[in-house]
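Participant: Attaching a single structure in structure tokens format; questions to follow.
Number of protein chains: 6
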Amino acid sequence: MIYITRKASFNAAHKLARPDWDDEKNNAFYGKCANPNWHGHNYWLYVTVKGEVDPETGFLVDLKWLKDVMNTYVVDKVDHKNLNLDVDFMKGILASTENLAIAVWEQLYAPIAESGAILHSVKIYETENNFVEYLG
Amino acid sequence: MIYITRKASFNAAHKLARPDWDDEKNNAFYGKCANPNWHGHNYWLYVTVKGEVDPETGFLVDLKWLKDVMNTYVVDKVDHKNLNLDVDFMKGILASTENLAIAVWEQLYAPIAESGAILHSVKIYETENNFVEYLG
Amino acid sequence: MIYITRKASFNAAHKLARPDWDDEKNNAFYGKCANPNWHGHNYWLYVTVKGEVDPETGFLVDLKWLKDVMNTYVVDKVDHKNLNLDVDFMKGILASTENLAIAVWEQLYAPIAESGAILHSVKIYETENNFVEYLG
Amino acid sequence: MIYITRKASFNAAHKLARPDWDDEKNNAFYGKCANPNWHGHNYWLYVTVKGEVDPETGFLVDLKWLKDVMNTYVVDKVDHKNLNLDVDFMKGILASTENLAIAVWEQLYAPIAESGAILHSVKIYETENNFVEYLG
Amino acid sequence: MIYITRKASFNAAHKLARPDWDDEKNNAFYGKCANPNWHGHNYWLYVTVKGEVDPETGFLVDLKWLKDVMNTYVVDKVDHKNLNLDVDFMKGILASTENLAIAVWEQLYAPIAESGAILHSVKIYETENNFVEYLG
Amino acid sequence: MIYITRKASFNAAHKLARPDWDDEKNNAFYGKCANPNWHGHNYWLYVTVKGEVDPETGFLVDLKWLKDVMNTYVVDKVDHKNLNLDVDFMKGILASTENLAIAVWEQLYAPIAESGAILHSVKIYETENNFVEYLG
């Protein structure tokens, strides 16, 4: 069993606010993250897959293939987008890093499984100072 | 003459789009940076001041004072904000990193001059891969 | 189960030396880390907690709360301090990174448990080239 | 149980190409990594060992000793070398990061076990954007 | 006058050795960098241009255009290549970082001048610990 | 004219306090940096030299030679030391980063001049968030 990780990044706007709470309640709970006019981040996404090394090729997965999967199912949908408004797989979900990591996992699990490798971890940095990891 | 630099960061939303251009023209020129629903960044701000070291204190400037100036005149106004909508010193200015660096310089020059030190450089990273420096 | 991590930093002095060993023996074992006049580091502290995402708020824990806990129980006690002389929770403990990580775990476990989340990992970087992780 | 990690780096040339495939087939599978005239990387190696802290010394292992082991068994053999041509423990092995991580594990397991600590993980970054971890 | 910088990276093999010196002399002068079987690096390239901000667009230069110029004239020619064997603009030039920075400058100066901006600096990191800057 | 930079690091203890001020005055001015029991940092030192590339060797200076000069005149004297107590070239000098950068410049200028290259800049990071540069 070996683990290989590929990093990507995307730049997105979001806010933390429940639509069924008023501004006062959202501000009280989410603080400056609830700014109605949005704020944003340079997110870093680390996707780790696990499996056996193919003895013929020396690869667990082809990283160009993994990059393409990450771009198709995640990065192209979130880069230079608004996580609350523009992203199909985040519709109706509060755009916390926790929820984003879970949603990215769900986007990637099946496409990666087609390669024979298994998705092990989705890790998302919102800033250099905080990140979330989801292992399924 | 010695130079001292302090780094700060802020997380903001913005878009690159001229209000007097339609969406098609903005998209053609600014590409995905023109997304009408915004995107965002973790900006890094480096402020460099220059001057003589005070022989009594060993300081060019007190970095806690410089941090306070940077927070009061810049960081508190842009962190978790929308650069196009929420920031007084960016009103009517296209929110490119070039224009932001010039505007931040203008915010900081006079307050820093009060300390006897001179603002030397404002450098802003929009991402790890691109940054702007303005020397006045 | 999801994992969220917050990073903090602190700047501290320490030395590696047993008080019941003489200088020669401490130098022989701990090398330059035993310098009697101390040396120091910019430590990075990563605290990871685990648990379930609250479906109402989208949070595992409020990171502002976690930051406050880390500051109150650890950072305020070690930042700009001498780990051997100034820190209550390191009294009588050799100030290796291993021992520091265990002591930080013991400081944080109960306060974090009050939130319903569980402390998963304390990771401390002494330099960019070495770090210790403690999982309890 | 505690985990301590030491980082090293080495600069090496390599290519990804099976000697029993012709250039066309290697190019089709490995892309630009198959360039017959080689390319290279600044590799980062993270070695993690686990065990109990020695109550007398406060150490899991002496990091100077671990550094020496890493240099003797790995870094001195690969730094400023060609992974395909110059490295005894990579003879006959395709120089993918997966295979390199496994081979480094095999180099380090026994020497580290002599200290009483146990090798837990070998992690190798080929670039900032991809890395492999092997846990044995 | 404002300065904007774009970063790129490329992974290449090279060696430091004069073809008119024998191995002994090359080893004596260049040390392990003269390894006949090559070694390699993840190079980082920072290209800084200077000029006036266009008041209509808020841009000094379009960074997508600058990225394309850097790719066409430099990155595509050196990435996953051997600097001594594969790169037209390094033919007959010893592949030190100093010479590489000067050669990259000469590749980029004219194409960048076509935009109206002026090439200010080419900075190349060979490792995290050493880099060269050339200002023309 | 070309510029080449080499990075080193050292881990040291220090405090900011004038011996002719009492604790109260030192605390009032230097804040937590005046802690009588010291604190410390992982300092990063960047030394930049300038000159002409030797057409025979492709080098401005031999980086191994520059590393040796930096170690002999600076790093070996400050690493794992107390900047206030242990360092000959800091005797009687308040251990601010400004004063340290000037003192390092004075240590390095003459030895580097012997190579024919010229010391251009000494830059010292006290933390990731602040650094001083001295150009002589």
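Chains as they are written, first to last, in UniProt numbering: chain A, 1 to 136; chain B, 1 to 136; chain C, 1 to 136; chain D, 1 to 136; chain E, 1 to 136; chain F, 1 to 136. Think of the CB as a built atom: it goes at the ideal place given N, C-alpha and C, for glycine as much as any other residue.
Who are residue 138 of chain A's beta bridge partners in DSSP?
Facilitator: Here chain A has residues from 1 to 136 only, and residue 138 of chain A is not among them.
Participant: Extract the residue ranges of the beta strand (DSSP E) inside the stretch 27 to 85 of chain A, only unbroken runs of 3 or more that lie entirely within it.
Facilitator: 39 to 51
Participant: Mapping the DSSP letters down to three states, classify E/Lys7 as helix, strand or coil.
Facilitator: Within the fifth sequence, residue 7 of chain E is the residue found at index 7, counting from 1. Three-state result, E/Lys7: strand.
Participant: Using 8 Å for Cβ pairs, my map puts A/Val61 next to A/Val74. What's the rounded Cβ distance?
Facilitator: Sequence index remark: in the first sequence, residue 61 of chain A carries index 61 (1-based). Sequence index remark: in the first sequence, residue 74 of chain A carries index 74 (1-based). Actually they are not in contact, since the Cβ atoms of A/Val61 and A/Val74 sit about 16 Å apart, beyond 8 Å.
Participant: Anything in chain C within Cβ reach of A/Ala101, meaning under 8 Å, just list it in chain order.
Facilitator: Taking the first sequence and counting its residues from 1, one reaches residue 101 of chain A at position 101. Going along chain C in sequence order, the residues near A/Ala101 (Cβ under 8 Å) are Ile2.
Participant: By DSSP, does D/Lys133 sit in helix, in strand, or in coil?
Facilitator: Reading the fourth sequence from its first residue, position 133 is the one you call residue 133 of chain D. For clarity, residue 133 of chain D is Glu in the given sequence; the question names Lys instead. Here D/Glu133 sits in strand by DSSP.
Participant: Round the Cβ separation of A/Ala101 and A/Leu83 to the nearest angstrom and send it over; I've been treating them as touching at under 8 Å.
Facilitator: Here residue 101 of chain A is taken as the residue at index 101 of the first sequence, counted from 1. Here residue 83 of chain A is taken as the residue at index 83 of the first sequence, counted from 1. The beta carbons of A/Ala101 and A/Leu83 sit about 12 Å from each other, so the pair does not count as a contact at 8 Å.
Participant: Given that D/Phe59 touches chain C, what residues does it touch there, using C-beta distances under 8 Å?
Facilitator: Counting from one through the fourth sequence, the residue named residue 59 of chain D turns up at place 59. Going along chain C in sequence order, the residues near D/Phe59 (Cβ under 8 Å) are Ser96, Glu98.
Participant: Just to confirm the assignment, what range does the beta strand (DSSP E) spanning C/Val122 have?
Facilitator: The residue given as residue 122 of chain C occupies position 122 in the third sequence. Counting along the chain, the unbroken beta strand (DSSP E) around C/Val122 starts and ends at 118 to 127.
Participant: When burial is assigned at 16 or more other CB atoms within 10 Å of the CB, is C/Glu40 buried or exposed?
Facilitator: Here residue 40 of chain C is taken as the residue at index 40 of the third sequence, counted from 1. First, the amino acid is wrong: residue 40 of chain C is Gly here, not Glu. Result: buried.
Participant: Within 10 Å of its beta-carbon, does F/Ala17 have 16 or more other beta-carbons around it, so buried, or fewer, so exposed?
Facilitator: On the sixth sequence, position 17 is the one that residue 17 of chain F refers to. So F/Ala17 counts as buried.
Participant: Since A/Val53 meets chain D, which of its residues come closer than 9 Å, beta carbon to beta carbon?
Facilitator: Sequence index remark: in the first sequence, residue 53 of chain A carries index 53 (1-based). In chain order: Ser96, Glu98, Asn99, Ile102.
Participant: Using only alpha-carbon positions, find the residue among D/Asn129, D/Pro19, D/Gly51 that is nearest to D/Thr97.
Facilitator: What you label residue 97 of chain D is simply residue 97 of the fourth sequence in a count that begins at 1. It is D/Asn129.
Participant: Short of 7 Å in beta carbon distance, which residues of its chain neighbour F/Glu126, apart from the five on each side in sequence? Order them along the chain.
Facilitator: For the purposes of this step, residue 126 of chain F is identified with residue 126 of the sixth sequence, where counting begins at 1. Around F/Glu126: His41, Tyr43, Thr97.
Participant: Taking only three categories from DSSP, how would you classify F/Ile2?
Facilitator: As a first step, residue 2 of chain F must be located in the sixth sequence, where it is residue number 2. Three-state DSSP puts F/Ile2 in a strand.
Participant: Can you pull out the residues from the stretch 31 to 53 of chain C whose beta carbon lies closer than 7 Å to at least one beta carbon of chain F?
Facilitator: Lys32, Cys33, Asn35, Asn37, Trp38, His39, Gly40, His41, Asn42
Participant: Reducing DSSP to helix, strand and coil, say where D/Glu114 ends up.
Facilitator: Here the question's residue 114 of chain D lines up with position 114 in the fourth sequence. Here D/Glu114 sits in coil by DSSP.
Participant: What's the C-alpha gap between A/His80 and C/Phe131?
Facilitator: To locate residue 80 of chain A, count along the first sequence from 1; it is residue 80. To locate residue 131 of chain C, count along the third sequence from 1; it is residue 131. The straight-line gap from Cα to Cα measures roughly 35 Å.
Participant: Give me the chain B residues within the contact set of A/Ala12, using Cβ-Cβ distance strictly less than 7 Å, ordered along the chain.
Facilitator: Here residue 12 of chain A is taken as the residue at index 12 of the first sequence, counted from 1. Within chain B, the residues near A/Ala12 are His39, Gly40.
Participant: Using the beta-carbon count (16 or more within 10 Å), is F/Thr72 buried or exposed?
Facilitator: For this step, residue 72 of chain F is matched to residue 72 along the sixth sequence. The residue in question, F/Thr72, is exposed, as its Cβ has fewer than 16 Cβ neighbours within 10 Å.
Participant: From the DSSP output, in three-state form, read off A/Asp23 for me.
Facilitator: Position 23 of the first sequence, counting from 1, holds the residue named residue 23 of chain A. In the structure shown, A/Asp23 sits in a helix (DSSP, three-state: H, G or I).
Participant: Please report the straight-line C-alpha distance between D/Lys123 and D/Trp65, rounded to a whole angstrom.
Facilitator: Counted from its first residue, the fourth sequence places residue 123 of chain D at position 123. Counted from its first residue, the fourth sequence places residue 65 of chain D at position 65. Distance between the alpha carbons of D/Lys123 and D/Trp65 is about 19 Å.
Participant: Do F/Met1 and F/Glu52 have their beta-carbon atoms positioned less than 9 Å apart in this structure?
Facilitator: In the sixth sequence, counting from the first residue as 1, residue 52 of chain F sits at position 52. In the sixth sequence, counting from the first residue as 1, residue 1 of chain F sits at position 1. Contact: yes.
Participant: Within 9 Å (strictly less), CB to CB, does A/Asn82 reach chain B?
Facilitator: Sequence index remark: in the first sequence, residue 82 of chain A carries index 82 (1-based). Taking CB atoms only, A/Asn82 has a neighbour in chain B less than 9 Å away.
Participant: Grab me the residues of C/Asp54's own chain with a C-beta within less than 6 Å of its C-beta, minus the 5 sequence neighbours each way, in chain order.
Facilitator: As a working mapping, residue 54 of chain C is identified with position 54 in the third sequence. Around C/Asp54: no qualifying Cβ.
Participant: Classify E/Ile93 as helix, strand or coil using the three-state DSSP reduction.
Facilitator: What you label residue 93 of chain E is simply residue 93 of the fifth sequence in a count that begins at 1. In the structure shown, E/Ile93 falls within a coil segment according to DSSP collapsed to helix, strand and coil.
Participant: Here's the rule: buried if 16 or more other CB atoms are within 10 angstroms of the residue's CB, otherwise exposed. What is B/Arg114?
Facilitator: Within the second sequence, residue 114 of chain B is the residue found at index 114, counting from 1. Just to set this straight, residue 114 of chain B is Glu in the shown sequence, not Arg. B/Glu114 comes out exposed.
Participant: For E/Leu108, which residues in chain D fall below 9 Å Cβ to Cβ?
Facilitator: Walking along the fifth sequence from the start, residue 108 of chain E turns up at place 108. One finds nothing in chain D with a Cβ atom closer than 9 Å to the Cβ of E/Leu108; even the nearest lies about 22 Å away.
Participant: Using a Cβ cut-off of 9 Å (strictly closer), state whether A/Phe131 contacts chain C.
Facilitator: Here residue 131 of chain A refers to the residue found at position 131 of the first sequence. Cβ-Cβ to chain C under 9 Å: yes for A/Phe131.
Participant: If we define contact as Cβ-Cβ less than 9 Å, is A/Thr127 a contact residue for chain D?
Facilitator: For the purposes of this step, residue 127 of chain A is taken as residue 127 along the first sequence, with counting starting at 1. It does not; no Cβ of chain D falls within 9 Å.
Participant: Since I believe C/Ile4 is in contact with C/Val69 (beta carbons under 8 Å), could you give me their beta-carbon distance rounded to a whole number of angstroms?
Facilitator: Locating residue 69 of chain C in the third sequence gives position 69, counting from the first residue. Locating residue 4 of chain C in the third sequence gives position 4, counting from the first residue. The Cβ separation is near 13 Å, so there is no contact.
Participant: Sort A/Trp38, A/Ala103, A/Arg6 by Cα distance to A/Ala13 and report the nearest one.
Facilitator: Here residue 13 of chain A refers to the residue found at position 13 of the first sequence. The residue with the shortest Cα to Cα distance from A/Ala13 is A/Trp38.
Participant: Secondary structure at E/Val104, three-state DSSP: helix, strand or coil?
Facilitator: As a working note, residue 104 of chain E is residue 104 in the fifth sequence. In this structure, E/Val104 counts as helix in the three-state DSSP scheme.
Participant: Determine the chain E residues that contact D/Asp68 at a beta-carbon separation under 9 Å, and present them in chain order.
Facilitator: Taking the first residue of the fourth sequence as 1, we reach residue 68 of chain D at position 68. Result: empty, since nearest Cβ-Cβ is about 19 Å, beyond 9 Å.
Participant: Measuring only between beta-carbons, confirm whether C/Asp20 sits less than 9 Å from chain F.
Facilitator: Along the third sequence, read from residue 1 onward, the residue named residue 20 of chain C stands at position 20. With 9 Å as the cut-off, C/Asp20 does not count as an interface residue toward chain F.
Participant: Looking only at its own chain, which residues have a Cβ that is under 8 Å from the Cβ of A/Leu63, when we skip the five neighbours before and after it?
Facilitator: Taking the first residue of the first sequence as 1, we reach residue 63 of chain A at position 63. Excluding positions up to five away in sequence, the list reads Ile4, Arg6.
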